[in-house]
Amino acid sequence: MAITISTHNGSTVDLAHDLRETWRIEKENKAWAERHPGELRIDTSKEHVVLINRGTLSHVYKELFGEALKEYNEKQISSGKKDRVIKNYLSEIKAKEKSSKNAKHPIYELITQVGSMYNPVPEEDEEKILMEHAKGFEERNPHLHVVCQVLHKDEKGGTHIHTAYIPVATEQKRGMKVQNSLTAALKQQGIVGDKSSVTAQMLWEKQENKVLEDICNKYGYLVEHTMAGKKAEHLSVEEYQLNKKINEKQNEFNAIKDLPLGSVIVKKGRIEQLEKTEKKYQKEKPLIEKAKKELILAEQTRGATRRQAEKLAKDQAELDRRRAEYDAEVNEAANRKVALVRDDAMRFIVARGLLDDFWAWVQECVEKISAKIR
Numbered sequence: 514m515a516i517t518i519s520t521h522n523g524s525t526v527d528l529a530h531d532l533r534e535t536w537r538i539e540k541e542n543k544a545w546a547e548r549h550p551g552e553l554r555i556d557t558s559k560e561h562v563v564l565i566n567r568g569t570l571s572h573v574y575k576e577l578f579g580e581a582l583k584e585y586n587e588k589q590i591s592s593g594k595k596d597r598v599i600k601n602y603l604s605e606i607k608a609k610e611k612s613s614k615n616a617k618h619p620i621y622e623l624i625t626q627v628g629s630m631y632n633p634v635p636e637e638d639e640e641k642i643l644m645e646h647a648k649g650f651e652e653r654n655p656h657l658h659v660v661c662q663v664l665h666k667d668e669k670g671g672t673h674i675h676t677a678y679i680p681v682a683t684e685q686k687r688g689m690k691v692q693n694s695l696t697a698a699l700k701q702q703g704i705v706g707d708k709s710s711v712t713a714q715m716l717w718e719k720q721e722n723k724v725l726e727d728i729c730n731k732y733g734y735l736v737e738h739t740m741a742g743k744k745a746e747h748l749s750v751e752e753y754q755l756n757k758k759i760n761e762k763q764n765e766f767n768a769i770k771d772l773p774l775g776s777v778i779v780k781k782g783r784i785e786q787l788e789k790t791e792k793k794y795q796k797e798k799p800l801i802e803k804a805k806k807e808l809i810l811a812e813q814t815r816g817a818t819r820r821q822a823e824k825l826a827k828d829q830a831e832l833d834r835r836r837a838e839y840d841a842e843v844n845e846a847a848n849r850k851v852a853l854v855r856d857d858a859m860r861f862i863v864a865r866g867l868l869d870d871f872w873a874w875v876q877e878c879v880e881k882i883s884a885k886i887r
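Residue numbers for the sequence shown follow this note's numbering, so the first one is 514 and each next one is one higher.
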């Protein structure tokens with residue numbers, strides 16, 4: 514059986530989401546329900562398994578860098594450089610992260626998944642493969658300290674594992690002897706990029722992907738590598754649902770336009786307005802296609818950052834908003850259908866023997882409106 518796999522590494526980490534804190538689940542489900550009524554993003558009746566939880570980020574930072582920070586500060590004070598003293602290493606990292614694109618990040622995260630919503634792996638094998646990859650993470654990566662590691666079986670998009678970690682580089686000659694540095698930590702694991710198009714992080718992620726692929730092969734699954742322009746079935750849940758809604762509303766629009774004029778008459782002004790709405794929708798189609806390509810590219814390269822994913826989510830939210838306007842237009846048109854005959858009018862016409870004249874007039878109106886629309 515051929516399957517797809519995903520290993521995505523990024524620096525936007527939400528430990529409250531990973532560890533399923535109640536307030537975070539409620540917030541995410543509320544936001545999801547606003548866009549997808551009646552649905553849950555995180556189903557609390559399903560399972561999530563905490564494999565590792567070493568406490569808060571501040572606590573872990575003190576354990577990892579406390580001694581090195583103390584030694585560094587004492588050295589600065591003794592040499593008369595009190596301005597270089599670092600009061601809080603975690604706060605220092607966070608401050609620099611906001612001011613520079615190439616800055617260190619306080620924490621990173623690897624998200625692993627096997628199969629897709631269109632080609633799922635049997636649940637038992639899916640969990641075994643992910644768990645085997647996760648349990649070997651620290652042995653493969655002695656300089657990547659795991660803060661938490663959680664298996665999620667309760668979320669839209671399929672079963673996956675979050676491994677949140679801090680890179681720990683030791684024996685450093687500049688600054689603190691022990692530092693947060695992903696490039697230096699990976700170098701100490703023998704992974705070095707060329708400082709241009711192929712970074713150490715990309716090489717490491719490729720290595721982790723290969724480990725996951727080997728585990729899949731062990732369980733009898735052939736991993737299919739998607740290529741540009743080919744086999745791009747691995748769509749996100751949001752994209753799949755968006756496309757489904759678009760197709761449904763397109764069909765509704767076409768159905769209204771194609772109704773026989775002898776049964777239902779839509780006012781000419783409303784038809785023109787609907788056609789304008791349709792043109793606006795067609796103009797927005799490239800945005801949808803662009804979002805698709807960016808999502809597929811992110812899946813293929815497995816190097817897109819979480820910030821890029823958030824941007825795509827915002828773009829999708831904007832598309833949802835525009836689709837809602839289109840929905841309103843369609844519903845309004847449907848509600849304004851003009852009935853040919855009303856009961857009171859019919860009784861009046863029949864009572865006065867004008868029924869034949871009335872139908873002749875209706876037919877004349879239909880022909881005039883039909884001619885104008887054509």
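By construction, the Cβ of each residue, glycine as well, lies at the ideal position given by its N, Cα and C atoms.
| Query | Result |
| --- | --- |
| Check the C-beta distance from residue 713 over to residue 705 and give it rounded, since I have them as a contact under 8 Å. | 6 Å |
| Name the two residues that bound the continuous beta strand (DSSP E) containing residue 626. | 621–627 |
| Going by beta-carbon coordinates alone, are residue 599 and residue 582 separated by less than 8 Å? | yes |
| Select from 554, 627, 882, 563 the residue whose C-alpha is nearest the C-alpha of residue 730. | 627 |
| Mark residue 854 as exposed unless 16 or more other C-beta atoms lie within 10 angstroms of its C-beta, in which case mark it buried. | Bear in mind that a pLDDT of 42 at residue 854, under 50, signals an unreliable position, so the model cannot answer this. |
| Is residue 561 helix, strand or coil by DSSP? | strand |
| Taking the beta strand (DSSP E) that residue 685 belongs to, which residues open and close that run? | Neither: residue 685 is in no beta strand (DSSP E) and is coded neither H nor E. |
| What's the gap between the Cα of residue 882 and the Cα of residue 872? | 15 Å |
| Which residue's Cα is closest to the Cα of residue 522: 613, 716, 807? | 716 |
| Please look up how many angstroms separate the CB atoms of residue 632 and residue 517, rounded, as I've assumed it's under 8 Å. | 7 Å |
| On the DSSP letters alone, give me the boundaries of the beta strand (DSSP E) that residue 677 sits inside. | 673–680 |
| Measure how close the beta-carbons of residue 539 and residue 554 come, nearest whole angstrom, since I'm counting them as under 8 Å. | Wrong, their Cβ atoms sit about 11 Å apart, outside the cutoff. |
| Starting from the N-terminal side, write out each stretch of the alpha helix (DSSP H) that is 4 residues or longer and does not extend beyond the stretch 638–677. | 650–653 |
| What do you get for residue 735, buried or exposed, if any count of 16 or more other CB atoms within 10 angstroms of its CB means buried? | exposed |
| Check whether the Cβ atoms of residue 520 and residue 684 sit closer than 8 Å, and answer yes or no. | no |
| Would you identify the three-state DSSP class for residue 825, choosing helix, strand or coil? | helix |
| Taking the alpha helix (DSSP H) that residue 579 falls in, what are its first and last residues? | 570–591 |
| Quick check on this structure: which residue in 865, 669, 651, 645 has the alpha carbon closest to the alpha carbon of residue 468? | Because the chain in this structure spans residues 514 to 887, residue 468 falls outside the shown range and cannot be described. |
| Could you tell me which of 793, 560, 802 sits nearest to residue 664, measuring between CA atoms? | 560 |
| In this structure, what does DSSP give as the bridge partners for residue 522? | 623 |
| Strictly by DSSP, which residues pair up with residue 515? | 735 |
| Provide the residue(s) that pair with residue 566 in DSSP beta bridges, ordered along the chain. | 661 |
| Since residue 692 sits in a beta bridge, which residues does DSSP pair it with? | 682 |
| So, is residue 562 buried or exposed, given that buried needs 16 or more other C-beta atoms within 10 angstroms? | exposed |
| Helix, strand or coil for residue 555? Go by DSSP, reduced to three states. | strand |
| For the alpha helix (DSSP H) containing residue 892, list its first residue and its last residue. | For the chain, the structure presents residues 514 to 887; residue 892 sits outside this window and is missing. |
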